[in-house]
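A.B. asks:
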Amino acid sequence: MDRKEIVKYGMLLLAIAATAFLFPKSKYFNYDYKKSQLWSYEDLYAPYDFALVKSASQLKNDEEKVMLNFVPVFQKNSVDAADFLSIIPDSLENTQQLRDYITDVYENGVFDPVDLKAYPNELIEKYDNGKSDKIRKALLPTPSKIINELSNSLPQEKIIELSTALLPNYSINSESNANTLNALINKVDTESGIVKKGESIARDGEMITEGVVRKLDSLQSSLSDSSSDRNGSYYVFGGYLLLTMLIYAVLLWFIRMHYPSIYQNNKELAFILVWPVLFGFLVRLLEANTELSIYIIPFCIVPIVILNFYTSRLALFVHIITILIASFLSKLGYEFTFLQILAGAVTVLVASETRYWNVFFKVIGIILSVYFLGYFGLELIKEGNFSGFSWNVFGWLLMNGVFLLLAYPFIPIIEKIFGFTSSITLAELGDLNSPVLKELSIKAPGTFQHSLQVANLSEAAVKAIGGNSLLTRVAGLYHDIGKIKQPEFYIENQSNIESPHNELNNFQSAKVIIDHVIEGEKMAIKAKLPQSIIDFITTHHGNSRVEYFYRNQLKEDPAGNFDETLFRYPGPNPKTKEQSIMMMADSIEAASKSLKSATGQDIDQLVEKIIDYKIDNGLLSDSLLTFSDLLATKKVFKKLLRSIYHVRIEYPEEVKKV
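Each residue of the sequence shown is one higher than the last, beginning at 119 in my numbering.
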């Protein structure tokens with residue numbers, strides 16, 4: 119096994135491991151239920167003894183009882199009655215009596231009314247020097263009560279002074295009391311009995327009552343406690359691992375059968391494998407966060423992004439694989455799976471042109487409509503009315519649509535990381551005012567017109583077989599840019615000049631012609647064109663011969679005492695369907711120029727002859743074109759060429775009467 123294969127299977131194992139470890143280590147609870155609905159599964163019995171967990175309302179009532187019974191502790195602080203005695207003036211007849219009253223009150227304790235209201239119990243515990251007493255709140259003095267008691271015995275100004283000066287000498291330690299109360303609440307028993315093994319939990323077709331919900335919740339909680347059954351958790355993990363391996367095996371099998379170029383390219387394969395892992399991680403992250411819903415995750419980014427680089431078939435397949443994994447990680451059940459697969463299918467249908475913002479917004483609008491309508495329909499089936507609707511889900515789905523906008527700026531980043539070429543970049547390169555194409559139109563106008571025709575022919579044929587028509591069109595525009603260097607040597611640019619080939623021998627002429635491929639590659643690299651475009655430039659002649667000058671040389675040297683490879687292009691031969699079609703379109707368009715007053719039959723024969731020549735000489739031997747692809751391609755070429763040359767209906771000859 120070579121290094122490339124080791125890396126490939128290493129990536130696959132890494133993806134499997136990363137995904138498998140995202141799954142919960144507990145037994146899977148594969149039921150979707152809600153109170154007042156019908157149980158739509160087969161009869162369910164307790165698989166083992168498990169504790170019956172209290173309902174949320176029961177648990178809340180028990181916790182409230184603990185809070186009601188909790189007696190808060192107040193401790194004496196450093197405030198002393200002597201701090202306030204000087205406020206009582208000496209001139210009063212009852213000065214000493216008033217001072218004694220304040221002293222006695224502070225001896226027993228003065229309390230802050232805010233602290234007294236902090237806990238609902240009518241009792242408090244007064245703690246001082248190791249002694250504690252429980253006293254009713256109503257009997258406890260506060261600064262305001264003291265002021266009311268003295269209001270008739272002191273001048274108004276002294277009452278005001280006392281009201282701002284009096285402070286409680288017993289205070290509550292909020293942190294200590296809160297810790298004590300929380301400890302008591304944590305001791306509240308969360309269980310209220312046991313469900314015995316074999317006991318009925320839910321029956322097929324019966325209404326789900328509050329009691330059934332409690333049993334189901336308890337069973338789910340029991341299954342999620344992996345610590346109670348370590349061996350069981352190992353089996354569960356083994357099951358998840360097996361399913362993960364199956365999913366990735368199917369994905370790899372599909373790619374190997376239908377996209378061998380991706381299978382052979384580790385960078386492209388990594389791009390495909392990363393999506394299930396990435397979105398699986400997002401689902402696991404949000405499942406752990408009870409405040410968020412996984413409906414907020416923009417799963418349709420997967421087909422949108424993949425469509426910019428590959429076909430709709432691959433985009434939908436990867437989306438389905440991603441949703442299968444996400445469904446295992448989610449507790450939402452079949453509704454989530456159905457809705458996401460439906461949205462992905464619609465995305466593939468409508469998101470073929472996302473390189474324009476206005477179209478992209480329309481696509482997102484359609485996807486959101488499918489989400490809303492799909493969820494609405496599912497809820498109607500579940501609830502049978504509008505009262506039980508989870509309307510907040512529509513908000514999460516709306517956020518999902520907002521996050522889908524990230525797909526647009528995300529595409530250029532992926533291009534840089536993986537070296538891909540998106541439809542956005544291709545649309546920019548296809549602008550006829552781009553520097554390279556502008557130079558081609560000025561220096562080699564005949565070649566420029568030829569390139570336009572090749573682009574049109576190739577695009578139409580590739581579209582007919584479901585290939586990347588935009589890539590093929592742009593490649594058609596650039597495939598002959600190497601002719602910019604010496605445009606006068608190519609017949610399409612020799613309108614009013616004598617051919618410079620008259621001054622060269624056959625070997626020299628062949629070299630000039632062959633060099634346009636080599637120079638084209640250099641120019642493309644210098645202009646920083648994507649590798650996918652460069653591949654079209656280097657393969658559009660494959661390793662075919664410069665036939666005209668080769669045959670001229672054979673006339674001069676019938677014995678063939680010369681190196682035949684000097685008349686061959688460097689290649690390689692085309693490997694993709696798109697490259698193969700452009701090679702045929704290039705030859706057919708050039709040869710069609712020699713037709714004079716062409717009939718439909720002439721065009722059909724020309725197309726058949728050139729394609730047969732390519733096949734017979736092995737130029738399509740590395741191609742992925744099928745027989746049906748070739749038939750569709752021929753049909754498109756013949757139709758378009760007939761249109762270009764304005765071929766009229768060929769009437770049969772008149773039969774003379776005898």
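Virtual Cβ for every residue (Gly too), placed ideally from N, Cα, C.
These numbers were taken from a predicted model, which means no experiment stands behind them.
At 4 residues or longer, what runs of the alpha helix (DSSP H) sit wholly inside the segment 306-372?
C.D. replies: 328-341
A.B. asks: Inspect the beta-carbon positions of Lys638 and Val592 and report whether they are closer than 7 Å.
C.D. replies: In the sequence under discussion, the amino acid at residue 638 is Gly, which differs from the Lys named in the question. No. Outside cutoff.
A.B. asks: Distance cutoff 7 Å, beta carbons only. Does Leu575 sit that close to anything in chain D?
C.D. replies: Judged by its chain identifiers, the structure shown contains no chain D, having just a single protein chain.
A.B. asks: List the DSSP bridge partners of Tyr526.
C.D. replies: Per DSSP, none; premise fails for Tyr526.
A.B. asks: Note down the Cα distance separating Thr362 from Ala138, rounded to an integer number of angstroms.
C.D. replies: 6 Å
A.B. asks: Below 8 Å, can you find three or more Cβ-Cβ pairs linking the segment 579-587 to the segment 597-605?
C.D. replies: no
A.B. asks: Can you check which of these residues, Ala645, Tyr151, Ile643, Lys534, is closest to Leu321 by C-alpha distance?
C.D. replies: Checking the sequence shown, residue 321 turns out to be Arg, not Leu. The residue with the shortest Cα to Cα distance from Arg321 is Tyr151.
A.B. asks: Return yes when the Cβ of Leu369 is within less than 7 Å of the Cβ of Val439, no when it is not.
C.D. replies: Residue identity differs from the one stated: residue 439 is Ile in this sequence, not Val. Yes; because the gap between Cβ atoms is below 7 Å, this pair is in contact.
A.B. asks: Is it true that the CB of Tyr224 sits closer than 7 Å to the CB of Asn291?
C.D. replies: In this structure, the beta-carbon distance from Asn291 to Tyr224 does not fall below 7 Å.
A.B. asks: Does the distance from the CB of Val306 to the CB of Pro259 come in under 7 Å?
C.D. replies: no
A.B. asks: Counting pairs of beta carbons, one from the segment 660-672 and one from the segment 713-730, are three or more of them closer than 8 Å?
C.D. replies: no
A.B. asks: Out of Pro261, Ala296, Glu267, Ile535, which has the shortest C-alpha to C-alpha gap to Ser281?
C.D. replies: Pro261
A.B. asks: In three-state DSSP terms, what is Asp251?
C.D. replies: strand
A.B. asks: Tell me the DSSP secondary structure of Leu749 in three-state form.
C.D. replies: helix
A.B. asks: Measure the alpha-carbon distance for Leu156 versus Lys500 and round it to whole angstroms.
C.D. replies: 9 Å
A.B. asks: With a Cβ-Cβ cutoff of 7 Å, do Val184 and Leu302 count as a contact?
C.D. replies: Cβ atoms of Val184 and Leu302: closer than 7 Å.
A.B. asks: For the pair the segment 309-321 and the segment 162-173, tell me if three or more CB-CB distances fall below 8 Å.
C.D. replies: Counting Cβ pairs under 8 Å, three or more are found: they touch.
A.B. asks: Looking only at C-alpha atoms, which of Leu434, Asn239, Tyr163, Gly248 sits nearest to Leu299?
C.D. replies: Asn239
A.B. asks: Could you check the C-alpha separation between Leu425 and Trp393 for me, to the nearest Å?
C.D. replies: Those two C-alpha atoms are separated by around 14 Å.
A.B. asks: Tell me the DSSP secondary structure of Ala169 in three-state form.
C.D. replies: strand
A.B. asks: Compare the C-alpha of Asn226 against each of Glu123, Ala199, Pro527, Ile652 and name the closest.
C.D. replies: Ala199
A.B. asks: Return yes when the Cβ of Leu460 is within less than 7 Å of the Cβ of Gly483, no when it is not.
C.D. replies: no
A.B. asks: Skipping 5 residues on each side, what residues in its chain have a beta carbon closer than 6 Å to that of Leu131?
C.D. replies: none
A.B. asks: Residues in the same chain with beta-carbon distance under 6 Å from Ser339, minus the five sequence neighbours each way, listed in chain order, please.
C.D. replies: Within the same chain, Ser339 has close Cβ partners Val171.
A.B. asks: Of all the options Val197, Ser336, Val754, Ile655, which has the alpha carbon lying nearest to the alpha carbon of Gly594?
C.D. replies: That would be Ile655, whose Cα lies nearest to the Cα of Gly594.
A.B. asks: At which residues does the beta strand (DSSP E) containing Lys244 begin and terminate?
C.D. replies: Element bounds for Lys244: 241-246.
A.B. asks: Does the Cβ of Asp653 have 16 or more other Cβ atoms within 10 Å, making it buried, or fewer, making it exposed?
C.D. replies: When all chains shown are included, Asp653 counts as buried.
A.B. asks: Quick one: Cα of Ala296 to Cα of Ser250, how far?
C.D. replies: 19 Å
A.B. asks: Are the CB atoms of Ala703 and Leu724 nearer to each other than 7 Å?
C.D. replies: For the 7 Å CB-CB criterion, Ala703 and Leu724 do not form a contact.
A.B. asks: Suppose you measure from the CA of Leu400 to the CA of Ile414; what does that come to, to the nearest Å?
C.D. replies: 10 Å
A.B. asks: How should Leu522 be labelled, buried or exposed, when 16 other C-beta atoms within 10 angstroms of its C-beta is the threshold for buried?
C.D. replies: buried
A.B. asks: For Pro416, collect the residues of the same chain with a Cβ closer than 6 Å to its Cβ; drop the 5 residues on either side in sequence, then sort them by chain order.
C.D. replies: Asn518, Phe521, Leu522
A.B. asks: Check Val191 in the structure and name its three-state DSSP category.
C.D. replies: strand
A.B. asks: Closest by CA to Ser552, which one among Leu647, Ile253, Asn611?
C.D. replies: Looking at Leu647, Ile253, Asn611, the one whose alpha-carbon comes closest to that of Ser552 is Leu647.
A.B. asks: How many Å lie between Ser271 and Leu216 at the Cα?
C.D. replies: 8 Å
A.B. asks: With DSSP as the reference, identify every bridge partner of Leu162, one or two as the case may be.
C.D. replies: Ala320
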